[in-house]
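Below is one structure, written out as structure tokens, with a few remarks after it.
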Amino acid sequence: TPSLKHDACLVPSDRRKGLGMSTYAGEPRGKMPEDCSWMNPEPQSSTLALGVQALPLMLLYPLRRVCTWILFVSIWINFQGRLTQQRLMSLILALALSHMIAELTLPLVGIAGKWILIGRFREGRFPLWGQYYLRWWLLEQILSLCGQGVFEHSPMLLRIYYRMLGAKVGKGAIIHRRAKLGEFDLLEIGDGVLVDNVPLRCFCFENGAMTLRALKLGDKSVICCKVALAPGIPIPAGACLGPLSSSYELAPDDVPESNRAFCFASFPCPRWPLRVLGNVIIALVWGVSQIPVLLVLRQMLHQSWYKNHLRNVYEAMEWFLTPERVGYYIALRVVRNTITPVLRLACCIVVKRVVVGRFTAGRRDRSQYNLFKHWIISALIPGGQLLEVANMIGVHYEGVSVILRLLGAKVGKRIYWPGSGLEQLVEYDLFEVEKS
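Following the numbering used here, the numbering of the sequence shown begins with 2 at its first residue and continues without gaps.
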């Protein structure tokens, strides 16, 4: 969420006119309202505010869990009738199929929630903890809970997802799947726009008020990583905002075409045969990392108190609530959060060393194999926490150094790593940190 320093009211009046800022509802475009005065917020401890903010914990998350569990059990019972001698196989198939159905349906539930709760977003100022703010906040929780599902796996599907939420997304626009978009009806993304892993929000806090302003990205503009975009300031067509810049820096010298090379979304992907091969490797890595979980499940399913066949949801619930299974549920949770991430990272290191090899310095080669190398590493190790292993290591930072060395980086001793910003590091062999 943009802070006060990103507020368009802080832009001098002569720059506002030149930037053609958007307006509040009912005012002519091209002018900013003069009333940016303090707005008294609603009481944050009111019954309405507390009740609405308790809904995700008390209702939405349990409801999602219950619905997905009933879906899984229904499929599992059906498979048990067909695969009577394959207990573990029927369980795995039920888990996989229920996950696929959830990936398809949950994003649609989030889209429906947007149109029911908000309808169309409109520009204006609204008091904090007022009814509009609470509806906006509740929608944020619903969209986070439902996720993007299958839509995040393709730029074309992601464009369709945001259009269904009300955003205007042009042809050929490429949006990073971890970019954080919101207030969709006020968001306009032109043709051929490239957006890296940045927030595109039309929302900011301003003098005790929630302020919504339109945000427009002109055709063929580029937004690189860690760019701060203030709502109400349009980005001109063809402007290329480099890393660590902001929408207050829109002079031609600040947004040259050369910045396009720094946008992760501008990197071409390998052709589909290599992507298919890469997805097979990614699936194998994921499958190997799940072996400890399957071993715990297999041990649980072959206990003497196991029922051969479950006929309905009631019997399935009784089966899951058997006291002897509690220890296995704890073991599954422990294995998922400790052994599985480490095993997955170990498999990624093996793929990096055996399949990908070393990255070399110099001008980036656009051959298909080199594109494949960059693509598969960014898919295998997304984010900056090394598949959550860095979080598990905690303050024992030498462990992070060891992992980076295994990935090919040259890292000295006694390196302090918290918040180091390695989110989009791919070419580990070119990364060098000297000792303290």
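A virtual CB, placed ideally from N, CA and C, is assigned to each residue, including glycine. Nothing here was measured: the structure is a model prediction, and the numbers come from that model.
| G219 beta carbon less than 7 Å from that of A238 | yes
| Is the beta carbon of L388 less than 7 Å from the beta carbon of L346? | yes
| Bounding residues of the alpha helix (DSSP H) (the contiguous stretch that carries P274) | W273 to S290
| task | Measure the alpha-carbon distance for I416 versus L426 and round it to whole angstroms. | result | 17 Å
| Opening and closing residue of the beta strand (DSSP E) in which I382 lies | Element bounds for I382: n/a, residue is neither H nor E.
| Just checking my contact of I236 with S248 at CB under 8 Å: how many whole Å lie between their CB atoms? | 6 Å
| message | Comparing C-alpha positions only, which one of L230, R261 and F80 sits nearest to G243? | response | R261
| request: Could you pull out every residue in the same chain whose Cβ sits closer than 6 Å to the Cβ of S14, ignoring the five residues on either side in sequence? | output: Note that S14 scores 42 on pLDDT, short of 50, meaning its location in the model is unreliable and no value can be drawn from it.
| query | Quick one: what does DSSP say L213 is sitting in, helix, strand or coil? | reply | strand
| query | Hey, out of K411, Q304 and E399, whose CA is closest to L431's CA? | reply | K411
| query | Could you check where the beta strand (DSSP E) with P128 kicks off and where it finishes? | reply | G125 to P128
| said: Spatial neighbours of W272 within its chain, please: C-beta separation below 7 Å, excluding the five flanking residues on both sides. | reply: The residue asked about is misnamed: residue 272 is Arg in this sequence, not Trp. Cβ neighbours of R272 beyond the five flanking positions: Q369.
| Rounded straight-line distance, which links the Cα of Y398 to that of L423 | 14 Å
| query | In angstroms, rounded to a whole number, what distance separates the CA positions of M40 and F263? | reply | 41 Å
| field | Span of the beta strand (DSSP E), counted from its first residue to its last, around L51 | value | Here L51 belongs to no beta strand (DSSP E); instead the alpha helix (DSSP H) covers T48 to L56.
| Span of the alpha helix (DSSP H), counted from its first residue to its last, around I93 | R88 to L118
| Host beta strand (DSSP E) of L144 (start-end) | Per DSSP, L144 belongs to no beta strand (DSSP E); it is in the alpha helix (DSSP H), Q132 to C147.
| message | Which residue wins for smallest C-alpha separation from N79, given the options V67, V110, L94 and C68? | response | L94
| field | Reference K217; option with closest CA among F204, E189, S379 and L166 | value | E189
| If R178 and L201 are in contact, beta carbons under 8 Å, what's the gap, nearest whole angstrom? | Going by Cβ atoms, the distance from R178 to L201 rounds to 13 Å, so no, they are not a contact pair.
| field | Among M393, I102 and Q386, nearest to V335 - alpha-carbon criterion | value | M393
| Candidates S99, V396 and E124: closest to M211 by CA position | E124
| Buried/exposed call for K414, threshold 16 Cβ in 10 Å | exposed
| said: If we require 3 or more residues per run, which beta strand (DSSP E) segments fall completely within the stretch 160–226? | reply: 188–190, 204–207, 210–213 and 216–218
| said: DSSP three-state label for L60, please. | reply: helix
| What whole-angstrom Cβ distance do C348 and V286 have, given they're in contact under 8 Å? | 4 Å
| Member of V434, W376, K374 and L381 whose CA lies at the smallest distance from the CA of V403 | V434
| request: State the CB to CB distance for the pair L61 and Q132, rounded to an integer number of angstroms; the pair is presumed to be in contact (CB under 8 Å). | output: Actually they are not in contact, since the Cβ atoms of L61 and Q132 sit about 18 Å apart, beyond 8 Å.
| So, are the CB atoms of L408 and K353 less than 7 Å apart? | yes
| Reduced DSSP secondary structure (H/G/I, E/B, other) of I234 | coil
| Residues near E104 in its chain [Cβ-Cβ closer than 6 Å; skip 5 each side] | G150 and V151
| said: Since S267 and A240 should fall inside the 8 Å C-beta cutoff, what is the C-beta to C-beta distance between them, to a whole number of angstroms? | reply: Actually they do not touch by this definition, with Cβ atoms about 14 Å apart.
| field | Complete runs of the beta strand (DSSP E) confined to the stretch 355–406 [at least 3 residues] | value | none
| request: Tell me, please, which residues DSSP counts as bridged to E433. | output: K411
| query | What residues match up with C241 in a beta bridge as DSSP calls it? | reply | V223
| query | Would DSSP call E424 helix, strand or coil? | reply | coil
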